[in-house]
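In order, the protein sequence lines correspond to chains W and L. Position 7 of the first sequence, counted from 1, bears residue number 779 in my numbering, the numbering being contiguous throughout. Position 78 of the second sequence, counted from 1, bears residue number 79 in my numbering, the numbering being contiguous throughout.
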Amino acid sequence: MGSEMKDVDLRVSIGSLNLKNPVMTASGTFGYAREFEPYVNLNRLGGVVVKGISLEPRAGNPPPRIVETSCGMLNAIGLENVGVERFISEKMESLQGIDVPVLVNILGDTLDEYREIAKCLNGVPGVAGIEVNISCPNVKKGGVAFGTVPEMAASVTTAVKENSSVPVIVKLSPNVTDITLIARAVEDAGADAVSLINTLIGMAIDHRSRRPQLANVIGGLSGPAIKPVALRMVYQVAQAVSIPVIGIGGIESTEDVLEFMLAGATAVQIGTANFVNPRASEEAVDGLARYVAEQEMDSIRELIGGLILS
Amino acid sequence: MSQFQEKTQIIRIERLTTDIIRLTLESSRIVSTAKPGQFVMIRTGNGKDPLLRRPFSISQIANGKYFQILFKVVGRGTALLAHCREGESLSVLGPLGSGFRIHSNGPNCLVGGGMGIAPLLFLGKTMARQCSAPPLVVLGARNREELAPLVDDFAELGLSVHPATDDGSFGHHGLVTDVLKNLGLGDDCMTYVCGPHLMMTAVHLFCKDRGYGCQVSMETAMACGMGACLGCIVPLEEGGYGHACSDGPVFDAKELLWEVK
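As structure tokens, this is what we get:
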């Protein structure tokens, strides 16, 4: 970065968590971060959100797990992960020494599982925040996703919040009728921030074989295809809650980041774009610094919610 | 980890058949660390559609700065690549994956089918230089048109090639496994295999039966090529999955779960 950008203020805050800049990487698209070191100076990012962790290891879904669609991709990875125990002993250990907040995405099938993972992670050195994935089905309640019923989303938030000493971010599912209801429910339950959107549920079919293109039949849509939906939901949620909103969904460039911040996002997460351009996150940081300098702004924070409507 | 994201210039485009294309690209950094069996991820366009990079084996390196990929036009990504022009640039990520483990004291046998022949040329060239004895090479494809140009590449290295085609228009009329059975491979032979899944299954079973070593290079759909998306899985014998991009693409065939019908 050029010396002329030294004084540019890109800092934002998510609850008590202070970020160097608003650019984070989204869970499930950045591995455990070290994979990207050949391409990215991790220390330049605002934060990294590592792959979703469950209480026990999960093998994930059978192949095929991914398929490209127009301007996007569907995935049904099935939450493959090493489990919280190995995550702490191996992955967090390998992340010691990096100068960037590491947020851990957690997921579970029951309230107890969420509670247990939060307990396991509480006090682990290097864990700067928890992001709660509430899009998985609640097995005990017949498979209804925690993320689709406001009361259940609130219960998960409370369970994690009560067992965490770091900021708790709840990642919202877009597969609901009114996302602002869920956002308000988790805010009332004590969430320090919300991040949105998770993937949109979709499907792809091969007409020649007459089969679904994913072994799981349905999967989560991500990439530039979902950006307009994500922008709309960030805009609506930012008006409905007073906690910070983290925008996710099809972000791949500086311009995309600016648009999400104008819609009301305090920070953003870059996801699928990491697969295509592993340097996307660092390039967006560079781009934001240039923008703030060129616009002669005192801080990037001036942009948050700055959408002009008339 | 020596991996790079580079704008590489297209030096040469060769149309081996109507739909089989060979690209020569320039990147001294990628070439300097590339090993046989490794692959690169290439953006086939500059826009958002198609979105994802496509994986290609490195089929040959030359002069410390050139590398080649070989592909058949099978979809939108490869169709776009086929319409590139010499002098244009492509964004390339690599070299990626683990590569073949070469047994320097042989005997070695390379077995390739269709576009799976691509990584074996780089391997054969490396072996011709490193190993005490040159490897045997068995190559299969649908017909003469598809196979002959690829056989020529190996012949130029001074390697003896045993071709097989589905229609009998070039070499043995039938499968590469038929050829393997009649080759009289040495007892401690190591095979290096890349091709259609059915062919690799058959070669694995043949090697298992004879007690030969067998390394296979697996092809799957993948989004990132660097262990992040977890999309490129292959089922393991011990249960669970391996990742073609980071654990492979080359695996010991014994470690994989083969569906045998």
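All residues carry an ideal CB built from backbone N, CA and C; glycine is no exception. Keep in mind the model is a prediction, meaning the values are calculated, not measured.
Residue span of the alpha helix (DSSP H) that contains residue i, given as start and end
{"i": "residue 1033/W", "result": "1026-1034"}
{"i": "residue 1039/W", "result": "That residue, residue 1039/W, is in no alpha helix (DSSP H); its beta strand (DSSP E) goes 1039-1042."}
{"i": "residue 883/W", "result": "883-893"}
{"i": "residue 963/W", "result": "Element bounds for residue 963/W: n/a, residue is neither H nor E."}
{"i": "residue 979/W", "result": "Neither: residue 979/W is in no alpha helix (DSSP H) and is coded neither H nor E."}
{"i": "residue 1055/W", "result": "1052-1066"}
{"i": "residue 78/L", "result": "77-83"}
{"i": "residue 203/L", "result": "198-211"}
{"i": "residue 1045/W", "result": "1045-1048"}
Terminal residues of the beta strand (DSSP E) in which residue i lies
{"i": "residue 936/W", "result": "No beta strand (DSSP E) holds residue 936/W; DSSP gives it neither H nor E."}
{"i": "residue 69/L", "result": "67-73"}
{"i": "residue 23/L", "result": "21-27"}
{"i": "residue 972/W", "result": "972-975"}
{"i": "residue 18/L", "result": "That residue, residue 18/L, is in no beta strand (DSSP E); it is neither H nor E in DSSP."}
{"i": "residue 216/L", "result": "214-218"}
8 Å Cβ cutoff met for residue i and residue j
{"i": "residue 31/L", "j": "residue 57/L", "result": "no"}
{"i": "residue 226/L", "j": "residue 195/L", "result": "no"}
{"i": "residue 854/W", "j": "residue 889/W", "result": "no"}
{"i": "residue 112/L", "j": "residue 152/L", "result": "no"}
{"i": "residue 63/L", "j": "residue 839/W", "result": "no"}
{"i": "residue 877/W", "j": "residue 905/W", "result": "yes"}
{"i": "residue 845/W", "j": "residue 52/L", "result": "yes"}
{"i": "residue 133/L", "j": "residue 107/L", "result": "yes"}
{"i": "residue 874/W", "j": "residue 1040/W", "result": "no"}
{"i": "residue 120/L", "j": "residue 236/L", "result": "no"}
{"i": "residue 1026/W", "j": "residue 784/W", "result": "no"}
{"i": "residue 60/L", "j": "residue 122/L", "result": "yes"}
{"i": "residue 11/L", "j": "residue 87/L", "result": "yes"}
{"i": "residue 832/W", "j": "residue 231/L", "result": "yes"}
Contact list for residue i against chain B, beta-carbon separation under 8 Å
{"i": "residue 54/L", "result": "Any reference to chain B falls outside this structure, whose protein chains are W and L."}
heavy atom of the ligand COA below 7 Å from residue i C-beta
{"i": "residue 69/L", "result": "Absence of the ligand COA from the depicted structure is noted, as is the absence of any ligand whatsoever, leaving it without description."}
In chain order, what residues of the region 843-874 of chain W put their CB closer than 7 Å to some CB of chain L?
-> 843, 844, 845, 847, 849, 852
The region 1063-1078 of chain W / the region 818-830 of chain W touching (three or more Cβ pairs under 8 Å) = no
Evaluate the contact criterion for the region 974-992 of chain W versus the region 1006-1022 of chain W: three or more CB pairs, one atom per stretch, below 8 Å.
-> no
Could you say if the region 796-813 of chain W and the region 954-964 of chain W meet the contact criterion of at least three C-beta pairs nearer than 8 Å?
-> no
Could you list the residues in the region 165-191 of chain L with a C-beta less than 9 Å from some C-beta on chain W, going in chain order?
-> none
Is there contact between the region 1025-1034 of chain W and the region 76-86 of chain L, where contact requires at least three CB pairs shorter than 8 Å?
-> no
Mind listing, in chain order, the continuous beta strand (DSSP E) runs of no fewer than 3 residues lying wholly within the region 813-862 of chain W?
-> 819-825, 838-841, 844-847
Is the region 104-118 of chain L touching the region 134-142 of chain L in the sense that three or more CB pairs, one from each, lie closer than 8 Å?
-> yes
Report the residues of the region 774-808 of chain W with a CB closer than 7 Å to any CB of chain L, ordered along the chain.
-> 801, 802, 803, 807
Using Cβ-Cβ distances below 8 Å, what residues of the region 48-79 of chain L are close to chain W?
-> 49, 50, 51, 52, 53, 54
Could you pull out every unbroken alpha helix (DSSP H) segment of at least 4 residues lying fully inside the region 92-169 of chain L, listed in chain order?
-> 119-131, 145-157
Near-chain W residues of the region 223-246 of chain L (beta-carbon distance less than 9 Å), N- to C-terminal order | 223, 224, 225, 226, 227, 228, 229, 230, 231, 232, 233, 234, 235, 236, 240, 241, 242
Residues of the region 814-836 of chain W with Cβ closer than 7 Å to any Cβ of chain L, in chain order = 831, 832, 835, 836
Looking at C-beta atoms only, is the number of pairs between the region 932-945 of chain W and the region 978-986 of chain W that lie closer than 8 Å three or more?
-> no
If you measure beta-carbon to beta-carbon, which residues of the region 988-1012 of chain W are closer than 9 Å to chain L?
-> 995, 996, 997
Closer than 9 Å, Cβ to Cβ, to anything on chain W: give me those residues from the region 206-221 of chain L, in chain order.
-> 221
Just by C-beta distance, which residues in the region 18-41 of chain L are closer than 9 Å to chain W?
-> none
Would you list, in chain order, the members of the region 1033-1067 of chain W that have their beta-carbon closer than 8 Å to a beta-carbon of chain L?
-> 1044, 1046, 1047, 1048, 1049, 1050, 1051
Where the region 960-981 of chain W meets chain L: residues whose CB sits under 8 Å from a CB there | none
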